[in-house]
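In UniProt numbering, the protein residues as written are 1 to 407.
We put the CB at the ideal spot given by N, CA and C, even for glycine.
See below for the structure under consideration.
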C-alpha cells in the first residue's frame, strides 16, 4: 500500500500530464470551486428552478421512490439524507473519518497520476459520495445523488466510492448538471466502485450540462466472482466536451458487466465516449452497447474488450446516426484476445436515417417530423428503466427537437 506522501508526489508530477483522449483544457483558466455552500435539509423547499434542475437529471426533490439523497454543489455537500437505514449514504470525507478501513479503497482503482484531472482531484482532497450496501442487503428503492455546478469558471473536483458487499444489491441514479446561470466550468469526477461476490450494482448516470462545460469523469469498477454491474449513461443536451472511458475489471469467475450509452452531439459539442472491459477470470461476460447521434457535433464512440481468461464472452455494439452534414461520427472498436477459448465480437454502423424508413411511416399517416422522431426514439431505446416521469418528458422533448433538426 502506498503512503500519502508517495501518492502526493505522483500527483504533483502529473499536474501537466494530458489525457490520452479528448480535447485539451487548461485548468489554470479555472479556479477551484467553493468548498462551502448553504446546507438544505429538505430539497422540497428549494425554489422551483432548482427543483426543475434536479428533476431533469432524474433526482426527485421529494425523495419519493428513493432510498436516500445526496446533493453536492460545487465542492461542498448541500444535502444528505437516507430513508433506507440498511444502506450507508454519506459524504466521502465523513465516511473516511468513520471507517478507518475505507482508506484501502480510496485511490486504489483510479491512479492519482492517470492524468492532470485525476492529479488535481487528489491534491484538492476531493469530496463526493460514499454509498455502501452491506452483505446480503438488497435495496428496495434506488439511491439518488446529484453533482451540481453552481459557480462560473471553476473546476468541480469529485471523488465517489461505491461498495456492494457479498450478495447485496444496490441501485443508484446520479444526475450531473449546472445551475442556470453557469455557462463555463470544468467537472472532474473520480468514481471507484467495488462489487463483491454475488453482488449487483445498477448504476444510471444522467448528464445535463451547459454549452461551455468540460467534463472529465474517471471511473473504474472492480467485480468479484458472480458479481453483476449494469451501467446506463445518458447525455442528450449541448455540452462543450465530454471524455469518458470507464473500465470494468472482471476479476472473479462468472462476473458480468453491461454498459449502455445514449448520447447526442449538438453543434459545437465533442463527445469522446467509450467503455472498456478487462476479462481477468474465466466464464466472465460483457456487453457494450452504444447509441449515438450527431446533429452537427463530433462523436467518437470507443469500445474495448481485453480477454485474458478462457471461456469468456463479450459483444460490442456501436451504432451512430448522422442527422446533419456538418456532424461527425467515428466508431473505434477494439477486441484483444490473449488466450484461446474466448469469444469476443463486435458490430459497428454509422450513417443517416434511411429515406425509405421515413416514407414507410409517412405512408401510414405520420408527418415527416413524427416519422423521424419515432425512428430516433426507437434508435435510442436500450431499455433503461426507472427514469422519473419529469425526466422522461424532457427526453421526449429533446428527441422531438432532434427530429425537427434532422429534416
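According to the neighbour-count rule (16 or more other Cβ atoms, all chains shown, within 10 Å of its Cβ), is residue i buried or exposed?
i	result
residue 39	exposed
residue 333	buried
residue 339	exposed
residue 192	buried
residue 378	exposed
residue 15	exposed
residue 160	buried
residue 329	buried
residue 28	exposed
residue 26	exposed
Report yes if the CB atom of residue i is closer than 8 Å to the CB atom of residue j, and no otherwise.
i	j	result
residue 174	residue 209	no
residue 200	residue 228	yes
residue 84	residue 37	no
residue 34	residue 151	yes
residue 106	residue 96	yes
residue 395	residue 148	no
residue 190	residue 110	yes
residue 337	residue 286	no
residue 305	residue 250	no
residue 70	residue 145	yes
residue 362	residue 356	no
residue 223	residue 168	no
Secondary structure at residue i, three-state DSSP: helix, strand or coil?
i	result
residue 400	helix
residue 272	strand
residue 408	Absent from the model: residue 408. The displayed extent of the chain is 1 to 407, so no value can be given.
residue 249	strand
residue 236	coil
residue 351	strand
residue 170	strand
residue 2	coil
residue 122	helix
residue 199	coil
residue 139	coil
residue 14	coil
residue 8	helix
residue 184	strand
residue 194	strand
residue 222	strand
Roughly how many angstroms lie between the CA atoms of residue i and residue j, to the nearest whole one?
i	j	result
residue 87	residue 132	6 Å
residue 164	residue 130	11 Å
residue 3	residue 381	46 Å
residue 184	residue 155	10 Å
residue 24	residue 18	7 Å
residue 216	residue 291	20 Å
residue 359	residue 300	30 Å
residue 117	residue 261	23 Å
residue 46	residue 55	12 Å
residue 275	residue 259	7 Å
residue 98	residue 76	18 Å
residue 319	residue 353	12 Å
residue 7	residue 372	52 Å
residue 241	residue 21	11 Å
residue 238	residue 58	18 Å
residue 272	residue 243	5 Å
- Task: For the segment 274-352, list the beta strand (DSSP E) runs that are entirely contained and at least 3 residues long, ordered along the chain.
- Result: 285-294, 298-307, 312-322, 328-337, 342-351
- Message: Which complete alpha helix (DSSP H) runs does the segment 47-85 hold, if anything under 4 residues is left out?
- Response: 48-55
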